Amino acid sequence: MEIDLDNRQLAAIGEVVDLAQRLNVRVWLRGGWAMDFFLGEVTRPHTDIDWFAYHDEAPQLATALIEHGYTLAPEPPSRVQQLDLSRDDVEHSFALLATDSTGRPVVAGGPWAGSPWPHGMLAGPSPILAGIRCPVVEPHAQIEIKQMMPVWVPGRPRRPKDAADIARLQAALK
22 MEIDLDNRQL AAIGEVVDLA QRLNVRVWLR GGWAMDFFLG EVTRPHTDID
72 WFAYHDEAPQ LATALIEHGY TLAPEPPSRV QQLDLSRDDV EHSFALLATD
122 STGRPVVAGG PWAGSPWPHG MLAGPSPILA GIRCPVVEPH AQIEIKQMMP
172 VWVPGRPRRP KDAADIARLQ AALK
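For the sequence shown, the working numbering begins at 22 and goes up steadily by one.
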């Protein structure tokens with residue numbers, strides 16, 4: 022594992038959590054880092070840090086991150102769907118959420134706008150890793166997202182790291 026990058030990413034996660042708390046912005050880790058926080062250890066290298074945030078709160082957080090030296094990606098897939106920011110070799114990807122009439126999280130924008138995310142997705146724990154407490158996507162929902170992403174996004178291949186993550190999460194939930 023690339024220890025230095027892991028440490029920089031962990032510090033960046035702590036920075037986002039601190040900024041989000043000060044701004045009253047809700048964020049949840051998703052993807053590999055969410056799994057690692059849930060498991061209580063860094064299990065593999067990560068290329069970026071994946072998050073969920075509400076679309077109406079994300080601009081405030083993005084502004085604060087820019088003030089802390091981050092750069093907003095010039096060509097995101099859709100700024101109503103996702104915000105990507107980076108500083109040096111640390112990249113954050115915020116998938117943006119809205120809610121439907123029942124309060125369930127849905128995709129905020131882009132071609133899948135209004136598509137529901139898994140039930141209970143945002144009811145995950147706030148585990149601690151390396152002294153940082155961070156809300157994470159509920160582990161069962163994390164498994165569903167990893168299993169379904171190639172179905173929801175045709176052309177996205179099933180990745181070996183996702184299969185390994187699913188196996189780790191399933192073992193931890195037994």
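Note that beta-carbon positions come from the ideal geometry of N, C-alpha and C, so glycine has one too. All values derive from a computational prediction rather than experimental measurement.
Item	Value
Assuming residue 118 contacts residue 73 (C-beta within less than 8 Å), just tell me the rounded distance between them.	6 Å
Taking the alpha carbon of residue 185 as the point to measure from, which residue in 149, 52, 36 and 131 has its own alpha carbon closest?	52
Please determine, among 134, 159 and 132, the residue with the shortest C-alpha to C-alpha distance to residue 146.	159
Using a Cβ-Cβ cut-off of 8 Å (strictly less than) and excluding sequence neighbours within five positions of residue 37, which residues of its own chain qualify?	48, 70, 72, 82, 86 and 113
Nearest to residue 194 by CA position, among 130, 133 and 59, is which residue?	59
Report the rounded CA-to-CA distance for residue 110 versus residue 172, giving the unit in angstroms.	30 Å
Taking DSSP as the reference, what is the three-state secondary structure of residue 72?	strand
Assuming residue 123 and residue 106 make a contact with CB atoms under 8 Å, what is their CB distance in whole Å?	Going by Cβ atoms, the distance from residue 123 to residue 106 rounds to 31 Å, so no, they are not a contact pair.
When DSSP builds the beta bridges, which residues end up paired with residue 113?	70 and 106
Determine the DSSP secondary structure at residue 138, reduced to helix, strand or coil.	coil
Please report the residue range of the beta strand (DSSP E) in which residue 51 lies.	48 to 51
Bridge partners of residue 154, per DSSP?	149
Considering only their Cβ atoms, is the gap separating residue 31 from residue 166 smaller than 8 Å?	no
Which same chain residues end up closer than 7 Å to residue 168 when comparing Cβ atoms and leaving out the 5 residues on each side of it in sequence?	187
Within 10 angstroms of the Cβ of residue 95, are there 16 or more other Cβ atoms? Answer buried if so, exposed if not.	exposed
Looking only at its own chain, which residues have a Cβ that is under 7 Å from the Cβ of residue 78, when we skip the five neighbours before and after it?	46 and 47
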